[in-house]
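Asker: 1 is the number of the first residue of the sequence shown in full-length UniProt numbering; add one for each residue after it. For each residue, glycine too, the CB sits at the ideal point set by N, CA and C. Before I ask anything, here is the structure I am working with.
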Amino acid sequence: MQVLIHASTQTHTNVHTKNFHARDYTTNCKDTLVCFIGEHVRAAAVCLGLLCLLLLATVISLVVHYNKSDCNLSRERDEFQTKFNNLTEEKHQLQMEIERLTLKIIGMRTPCSDGWIHFSSSCYFISSESKSWNASRQDCLRRGADLVIINSREENVRGLEIRLWIGLSDLETEGKWKWLDGSSLSYTYWGPGEPNSDGGKNEDCGEIRFHDRRNRWNDESCGSSNFWICEKPADP
Ligand SMILES: [Ca+2]
Ligand SMILES: [Ca+2]
Ligand SMILES: [Ca+2]
Numbered sequence: 001m002q003v004l005i006h007a008s009t010q011t012h013t014n015v016h017t018k019n020f021h022a023r024d025y026t027t028n029c030k031d032t033l034v035c036f037i038g039e040h041v042r043a044a045a046v047c048l049g050l051l052c053l054l055l056l057a058t059v060i061s062l063v064v065h066y067n068k069s070d071c072n073l074s075r076e077r078d079e080f081q082t083k084f085n086n087l088t089e090e091k092h093q094l095q096m097e098i099e100r101l102t103l104k105i106i107g108m109r110t111p112c113s114d115g116w117i118h119f120s121s122s123c124y125f126i127s128s129e130s131k132s133w134n135a136s137r138q139d140c141l142r143r144g145a146d147l148v149i150i151n152s153r154e155e156n157v158r159g160l161e162i163r164l165w166i167g168l169s170d171l172e173t174e175g176k177w178k179w180l181d182g183s184s185l186s187y188t189y190w191g192p193g194e195p196n197s198d199g200g201k202n203e204d205c206g207e208i209r210f211h212d213r214r215n216r217w218n219d220e221s222c223g224s225s226n227f228w229i230c231e232k233p234a235d236p
């Protein structure tokens, strides 16, 4: 009987203990340290859950953002590629146009400028006024040329009844005739009796004078007034 009473008492005690642990902390744990810690642990868990949600939302937002950025970059890359292709095609078209115009210019180009006469590999300019030998030469130099140097009989001007200065003189040494490029005369076309320093005059400059003769050159005073003929290389 005592055993039963003890058992009954023990059972009652266990039931009481179990009931105590099962009680809700919120209703019965106001003053104990266990309840205090439990409440804070629960609050911390809630905060942790919220932080996890916030972190998840942030990760999702970043993934969406970078996917969107990646799409934008891909679209921009495609646009640049298209622009590059268009510019490459325009460059090709411009190069073809340049080649076409270059060929056209070459076809139109003449060896001599307007007002100049083309013969062999040279261009010639015959003046329409008369000046001294020096002034005539200066005019030729301004035109990128010089007084003509006659290298062959064919280069002697024909068909003009005017006296023309040529690039020939003995200004440096009397009697030693030279062309303006410093070269000596390999052959000459002096008219009969020329050069003669006619009448004792100081005739140091060469001219084409005797148009009715095969040999047409004459020495003349450099200050005399003549027409003149310039020569310069023809364009290739
Ligand atoms: Ca010449
Ligand atoms: Ca002379
Ligand atoms: Ca003379």
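Count the other C-beta atoms from every protein chain shown that fall within 10 angstroms of the C-beta of D212, then say buried if there are 16 or more, exposed otherwise.
Answerer: exposed
Asker: If you reduce the DSSP assignment to three classes, tell me which class N156 lands in.
Answerer: coil
Asker: Ordered along the chain, which non-local residues of its own chain (more than five positions away) have a Cβ less than 6 Å from that of S121?
Answerer: A234
Asker: Less than 7 Å separating the beta-carbons of R204 and D181?
Answerer: Per the sequence shown, the amino acid found at residue 204 is Asp instead of Arg. No, these two residues do not count as a Cβ contact at 7 Å.
Asker: Does any heavy atom of ligand 3 sit closer than 6 Å to the C-beta of N202?
Answerer: For ligand 3, not one heavy atom lies less than 6 Å from the Cβ of N202.
Asker: Go ahead and label D219 buried or exposed: buried means 16 or more other beta carbons lie within 10 angstroms of its beta carbon, across all protein chains shown.
Answerer: buried
Asker: Take every Cβ of the segment 99–106, pair it with every Cβ of the segment 177–196, and state whether three or more of those distances are shorter than 8 Å.
Answerer: no
Asker: Give a yes or no on whether the C-beta atoms belonging to W179 and G167 are separated by under 7 Å.
Answerer: yes
Asker: When DSSP labels each residue in this structure, what does F210 get in the three-state scheme?
Answerer: Residue state, collapsed to three classes: coil.
Asker: Using CA atoms only, rank isn't needed, just tell me which of P236, F210, S61 and E89 is closest to R163.
Answerer: F210
Asker: Tell me the DSSP secondary structure of E231 in three-state form.
Answerer: strand
Asker: Specify which residues have a beta carbon nearer than 7 Å to any heavy atom of ligand 1, listing them in chain order.
Answerer: S122, V148, I149, I150, N151, E155 and E231
Asker: In the structure shown, what three-state DSSP assignment does L185 receive?
Answerer: coil
Asker: For my contact list, S128 and S225 are in at a C-beta cut-off of 8 Å; report their separation, rounded to the angstrom.
Answerer: The Cβ separation is near 13 Å, so there is no contact.
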